[in-house]
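The next block holds one structure in the form of structure tokens; read it before the comments.
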DNA sequence: GCATTTCCGG
């Protein structure tokens, strides 16, 4: 009976299915059977079928949650909109007398990193040390990443240096840390020094060069990777496509696209967005549209639509851009402030003063505050229309 | 049984 239910749970794909199973569990009085409720909780809190608030409500009904359950909720919040809640759950956990384990801390480190609060991460660090986890590789690696993400590279390297046994993840965390802090010389040094390199190491280095504006070097490293390194993955390709977009290197961009297809890399939404953006920036609107339309009924999000709407706008295809916006709303995608920025830029190109004002007002009506970029665009619209 | 690292649009 248990196993049958767990098998059903694993296959659960949507929120409504999840709720049905939840109802079933309650009806059969299995709510307090820990293997079932734990599995249900992790599905609710972590998978695409649920959401963390639902997960937390479910968690609250458990008579005696175990470390596993606490970790699930802390982890769920660490990747949610509000990572602060990971800490409130952690405090409740301590008050309930449940001892944190080697997975509790990495989730809390992640929450600190996402909040950009190294002070908070430092407290977690101290807590882990006090509880005898000073040699734990998993915890230390997540702490390195936490400090580095918070631009506290001195602390990150202190943790790194004090680790008696480092693995490739430790090295990658340092490499990425330096890159994120804009210190590509040190990042490169770490890369050259590390005992072995995997696809993440190469991707970190390449993306570091991209983020620091050295697109040529990023592509040069990628070429080197093709010869000496591991196979690139879809994450690597996102960075190199960004480099091609910045350089307007259409031919190279096309060959990146070929690499993706030839190697059967998963066409994730992120990758599709990068391809659309690259083609659009390189002036290949037809190809951008081709990738954008891609699989019919495929998943889309606001970032993908923004890339296409913005791509049309910068090439002066004003009507096409505005029509795509209409289509996007019909598709049920909610625009964000970048969408409006793209639309305002389309209006600037087309001299559409009235439409620009309309979009500018929409911004406020949908609870967004115009930022300096929006004002700049409006000034541009009015200046081009010859108004003062 | 949960695990840390790389990626998208202005």
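Numbering (our numbering), first residue to last: 660 to 1047.
Virtual Cβ for every residue (Gly too), placed ideally from N, Cα, C.
Bear in mind that the values here come from a model prediction, so they are computed numbers and not experimental data.
Figure out for me which residue from 853, 855, 893 has the closest Cα to the Cα of residue 866. Stepping through the first chain from its first residue, residue 866 is reached at position 207. The shortest Cα separation from residue 866 among 853, 855, 893 belongs to 893.
What do you reckon, are the CB atoms on residue 969 and residue 1001 nearer than 8 Å? Along the first chain, read from residue 1 onward, the residue named residue 969 stands at position 310. Along the first chain, read from residue 1 onward, the residue named residue 1001 stands at position 342. It is a contact, given that the beta carbons lie within the stated cut-off.
Enumerate in chain order the residues of its own chain whose CB-to-CB distance from residue 727 is below 7 Å, with the five nearest sequence positions on each side excluded. Here the question's residue 727 lines up with position 68 in the first chain. Hits under 7 Å: 697.
Residue from 780, 1017, 776 with nearest C-alpha to residue 763: On the first chain, position 104 is the one that residue 763 refers to. For the residues 780, 1017, 776, the minimum Cα distance to residue 763 belongs to 780.
Secondary structure of residue 692, DSSP reduced to three states: Stepping through the first chain from its first residue, residue 692 is reached at position 33. Residue 692: coil per DSSP, three-state reduction.
Can you tell me whether residue 1027 is helix, strand or coil according to DSSP? Taking the first residue of the first chain as 1, we reach residue 1027 at position 368. It is coil, neither helix nor strand.
Alpha carbon to alpha carbon, how far is residue 926 from residue 700? Give it in angstroms, no decimals. What you label residue 700 is simply residue 41 of the first chain in a count that begins at 1. What you label residue 926 is simply residue 267 of the first chain in a count that begins at 1. Cα-Cα distance, rounded: 30 Å.
Whole angstroms are fine: how far does the CA of residue 681 sit from the CA of residue 853? Reading the first chain from its first residue, position 194 is the one you call residue 853. Reading the first chain from its first residue, position 22 is the one you call residue 681. Approximately 48 Å between the Cα atoms of the pair.
Around the C-beta of residue 702, are 16 or more other C-beta atoms found within 10 angstroms, so that it is buried, or is it exposed? Residue mapping note: residue 702 aligns to position 43 of the first chain, counting from 1. Label assigned to residue 702: buried.
Any idea what DSSP makes of residue 740, helix, strand or coil? Sequence index remark: in the first chain, residue 740 carries index 81 (1-based). It is coil, neither helix nor strand.
When the Cα atoms are used, what is the spatial distance from residue 804 to residue 795? On the first chain, position 145 is the one that residue 804 refers to. On the first chain, position 136 is the one that residue 795 refers to. In a straight line, the C-alpha of residue 804 is about 14 Å away from that of residue 795.
Examine the Cβ distances between the segment 865–879 and the segment 827–845 and report whether three or more of them are shorter than 8 Å. yes
The segment 729–736 / the segment 685–696 touching (three or more Cβ pairs under 8 Å): no
Inter-residue spacing [alpha-carbon to alpha-carbon] between residue 1013 and residue 908: For the purposes of this step, residue 1013 is identified with residue 354 of the first chain, where counting begins at 1. For the purposes of this step, residue 908 is identified with residue 249 of the first chain, where counting begins at 1. Rounded to the nearest angstrom, the two C-alpha atoms are 36 Å apart.
Considering only the alpha carbon of each residue, which of 1042, 818, 820, 998 lies closest to residue 1051? The displayed coordinates of the chain run from 660 to 1047. Any statement about residue 1051 would go beyond what the structure contains.
Among residues of its own chain, excluding the 5 on either side of residue 672, which ones have a beta-carbon nearer than 7 Å to its beta-carbon? By one-based count along the first chain, residue 672 stands at place 13. These residues qualify, in order along the chain: 708.
Measuring only the C-alpha atoms, how far is residue 749 from residue 757? As a working note, residue 749 is residue 90 in the first chain. As a working note, residue 757 is residue 98 in the first chain. In a straight line, the C-alpha of residue 749 is about 10 Å away from that of residue 757.
Using 8 Å for Cβ pairs, my map puts residue 734 next to residue 766. What's the rounded Cβ distance? Start at 1 with the first residue of the first chain, and residue 734 comes out as number 75. Start at 1 with the first residue of the first chain, and residue 766 comes out as number 107. Indeed they touch by this definition, with Cβ atoms about 4 Å apart.
Tell me which residue opens and which closes the alpha helix (DSSP H) that residue 773 is part of. Working through the first chain from its first residue, we reach residue 773 at position 114. Unbroken alpha helix (DSSP H) run through residue 773: 763–774.
Can you tell me the Cβ-Cβ gap for residue 903 and residue 920, rounded? I've got them flagged as a contact below 8 Å. The sequence position of residue 903 within the first chain is 244, counting from 1. The sequence position of residue 920 within the first chain is 261, counting from 1. With a Cβ gap of about 16 Å, residue 903 and residue 920 do not count as contacting.
Which of helix, strand or coil does DSSP assign to residue 838? Translated into positions along the first chain, residue 838 becomes position 179. Helix, per DSSP.
How far does the alpha helix (DSSP H) with residue 722 in it reach, from first residue to last? Along the first chain, read from residue 1 onward, the residue named residue 722 stands at position 63. Unbroken run through residue 722: none, as it is neither H nor E.
For residue 950 and residue 923, the rounded distance between their alpha carbons: In the first chain, counting from the first residue as 1, residue 923 sits at position 264. In the first chain, counting from the first residue as 1, residue 950 sits at position 291. The alpha-carbon atoms of residue 923 and residue 950 are separated by roughly 16 Å.
Where the alpha helix (DSSP H) through residue 706 begins and ends: Counting from 1 along the first chain, the entry for residue 706 is found at position 47. Unbroken run through residue 706: none, as it is neither H nor E.
For residue 977, report the span of its alpha helix (DSSP H) as first-last. Taking the first residue of the first chain as 1, we reach residue 977 at position 318. Note, residue 977: alpha helix (DSSP H), 977–989.
Measuring straight from C-alpha to C-alpha, what distance separates residue 877 and residue 817? Within the first chain, the letter at position 218 stands for residue 877. Within the first chain, the letter at position 158 stands for residue 817. Rounded to whole angstroms, residue 877 to residue 817 spans 28 Å at the Cα level.
Contact check, residue 895 vs residue 935, beta carbons under 8 Å: By 1-based counting over the first chain, the position of residue 895 is 236. By 1-based counting over the first chain, the position of residue 935 is 276. Contact flag unset, no.
For my contact list, residue 1015 and residue 987 are in at a C-beta cut-off of 8 Å; report their separation, rounded to the angstrom. Position 356 of the first chain, counting from 1, holds the residue named residue 1015. Position 328 of the first chain, counting from 1, holds the residue named residue 987. Actually they do not touch by this definition, with Cβ atoms about 18 Å apart.
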